[in-house]
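A short worksheet on the structure shown next.
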Amino acid sequence: MKNIKVGIIGGTNGMGKWFAGLLKKEGYTVHVCGRKTKLGISDLAKLCEVIVVAVPISATADIIRKVGPMLNKDMLLMDLTSLKKEPVKMMLANSQAEVIGCHPLFGHQVKDSSGQNVILCPARGKKWLNWLKAVFKKNKLAVWEATPEKHDKMMAVIQALNHFNTITLGMALARTNVTLADINKFSTPIFRTKLDIIRKVFVESPELYLDIITGNPQTGKMLDIYEKALKDIRSKIKSGNKTESKKAIKKTAEKLYGSKDK
Ligand SMILES: NC(=O)c1ccc[n+]([C@@H]2O[C@H](COP(=O)([O-])OP(=O)(O)OC[C@H]3O[C@@H](n4cnc5c(N)ncnc54)[C@H](OP(=O)(O)O)[C@@H]3O)[C@@H](O)[C@H]2O)c1
Numbered sequence: 152m153k154n155i156k157v158g159i160i161g162g163t164n165g166m167g168k169w170f171a172g173l174l175k176k177e178g179y180t181v182h183v184c185g186r187k188t189k190l191g192i193s194d195l196a197k198l199c200e201v202i203v204v205a206v207p208i209s210a211t212a213d214i215i216r217k218v219g220p221m222l223n224k225d226m227l228l229m230d231l232t233s234l235k236k237e238p239v240k241m242m243l244a245n246s247q248a249e250v251i252g253c254h255p256l257f258g259h260q261v262k263d264s265s266g267q268n269v270i271l272c273p274a275r276g277k278k279w280l281n282w283l284k285a286v287f288k289k290n291k292l293a294v295w296e297a298t299p300e301k302h303d304k305m306m307a308v309i310q311a312l313n314h315f316n317t318i319t320l321g322m323a324l325a326r327t328n329v330t331l332a333d334i335n336k337f338s339t340p341i342f343r344t345k346l347d348i349i350r351k352v353f354v355e356s357p358e359l360y361l362d363i364i365t366g367n368p369q370t371g372k373m374l375d376i377y378e379k380a381l382k383d384i385r386s387k388i389k390s391g392n393k394t395e396s397k398k399a400i401k402k403t404a405e406k407l408y409g410s411k412d413k
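So the sequence shown is numbered by the working numbering: it starts at 152 and just counts up by one.
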């Protein structure tokens, strides 16, 4: 299958560019388009048998609606979107092509993606799945299959809850009015790691993180859990009752990591 041609919509930057690099390294012909490229979406659909949608989450549905009807049943339509339920539903509804939802669980900045997780949500057809898995596995990625529903449920924790927590920490930090100069002097390694994460969310890709949080149907549930946990530990710490705080920490550790007494 070496002479496969892959078209990546959104391949000029970010994750699309990362995927283009991976495929080119494997010897495949890759065409990319963005909003300002000479080649457009319909050129890619004519030139390629695999079409990858790798545009920002907010543009994904429109792009799928546009490109989907241009593809036939022997082709593959896939995406790299951080959410899976809606994009996979859209790909199935707007095209006859085989459909695979794909979410690489890392950013395009990683220098070496070996060992990183990739989730695949095979949704229609069997012809292309083994090819895609083989490409990832050859590059030492850990490939896992899941339904779009299971994927989004897990991402509500791994991404929505986690990034919400980072945003909350960043906002609280800003309200303390401490300066970066002082932070640099007084920070510990673990705090510097956290600060890098806060910077990534607030400065590098705020739109992506907000889309990931707001686009996940489970986010409301996560926010309730978060708020309850915050209220719970806040009241224990504020009351000055150290025994209660200790009990709560111990109970949580046992739930997360198992009992030490086992
Ligand atoms: N970044 C991550 O860490 C990460 C990780 C896993 C999955 N993802 C997913 O990957 C997808 C892309 O995110 P990203 O962070 O890679 O975004 P990005 O860095 O902003 O890149 C988006 C790409 O899409 C193109 N684009 C934007 N709007 C377009 C439109 N309307 N039509 C055609 N092309 C368009 C851009 O090119 P022009 O600006 O030149 O038009 C660019 O090539 C998202 O679905 C995201 O959820 C991202």
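Cβ atoms here follow ideal geometry from the backbone N, Cα and C, with glycine treated the same way.
Fair warning: this is a prediction, and the values are worked out from it, not measured in the lab.
*asked:* Contact defined as beta carbons within less than 8 Å: I believe residue 220 pairs with residue 246. What is the distance between those atoms, to the nearest angstrom?
replied: Confirmed, Cβ separation roughly 7 Å.
*Could you give the C-beta distance for residue 296 and residue 273, rounded to a whole number, given that I count them as a contact under 8 Å?*
Their Cβ separation, rounded to whole angstroms, is 6 Å, which keeps residue 296 and residue 273 in contact under 8 Å.
*What's the C-alpha gap between residue 267 and residue 351?*
19 Å
*Is it buried or exposed for residue 161, if we count other Cβ within 10 angstroms and need 16 for buried?*
buried
*Where residue 234 sits in the DSSP three-state scheme*: coil
*Residue range of the alpha helix (DSSP H) that includes residue 330*: Taken as a continuous stretch (DSSP letters only), residue 330 belongs to no alpha helix (DSSP H), as it is neither H nor E.
*residue 159 and residue 203 look like a contact to me (Cβ under 8 Å); what is the Cβ gap, rounded to whole Å?*
5 Å
*If you draw a straight line from the C-alpha of residue 315 to the C-alpha of residue 308, how long is it?*
10 Å
*With a floor of 4 residues, list each alpha helix (DSSP H) that falls wholly inside the region 230-274, ordered by position along the chain.*
236-245
*asked:* For the pair the region 247-263 and the region 227-238, tell me if three or more CB-CB distances fall below 8 Å.
replied: yes
_Beta carbon of residue 303 nearer than 8 Å to that of residue 234_ = yes
*CB of residue 283 within 8 Å of CB of residue 271, strictly*: Cβ atoms of residue 283 and residue 271: closer than 8 Å.
*Give a single yes or no on whether residue 259 has its beta carbon closer than 7 Å to a heavy atom of ligand 1.*
yes
*Taking DSSP as the reference, what is the three-state secondary structure of residue 196?*
helix
*asked:* Taking the alpha-carbon of residue 343 as reference, which of 181, 321, 364 has the nearest alpha-carbon?
replied: 321
*residue 310 and residue 363: beta carbons closer than 8 Å?*
In this structure, residue 310 sits near residue 363, with a CB-CB distance shorter than 8 Å.
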